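Visitor:
Numbering (our numbering), first residue to last: 1041 to 1146.
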C-alpha cells in the first residue's frame, strides 16, 4: 500500500509558499506555484543547504548559500555550483489536503 503524508490543507497553502515535511526520514520542501504543487528533497546537492529557505522564481528554487538553481519539476540542477539533481516526489490533493510520498524505494 502506498503511504501518503499530509502537508497542509490546500486552502491554507497559499500560492508562492513552501512547507517543509519529513517523510520516512527524508526532509522535503513542498511548493505551491500558482495552485500547482511540487515536492523536492530539501537539500541542495552542492553543499547540503536547505532549499526551502531559498528564493522561489517560477518553477525554480535558488539555493540561499551559493545560488545554485534547481527545477521544481525535474529536480535538475540548472546552474553551478550544483551539477547533480535533487530528488522530486509525487504530490496530490486528496479531500482538500496536500499530500506527498517518498517513492524512491517503491
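No residue lacks a Cβ here, since even glycine has one placed at the ideal position from N, Cα and C.
Given the structure is predicted, the values throughout are model-derived calculations rather than measurements.
Out of curiosity, what's the CA-to-CA distance linking residue 1067 and residue 1081?
Guide: Each residue's Cα considered, the two are about 6 Å apart.
Visitor: Just how far apart, CA to CA, sit residue 1061 and residue 1119?
Guide: So the two alpha carbons sit approximately 26 Å from each other.
Visitor: Below 7 Å between beta carbons: does that hold for residue 1069 and residue 1092?
Guide: Yes. Within cutoff.
Visitor: Which residues does DSSP pair with residue 1064 in a beta bridge?
Guide: The partner list for residue 1064 (beta bridge, DSSP) is empty, contrary to what the question assumes.
Visitor: Tell me whether residue 1111 sits in a helix, a strand or coil according to DSSP, three-state version.
Guide: Three-state result, residue 1111: strand.
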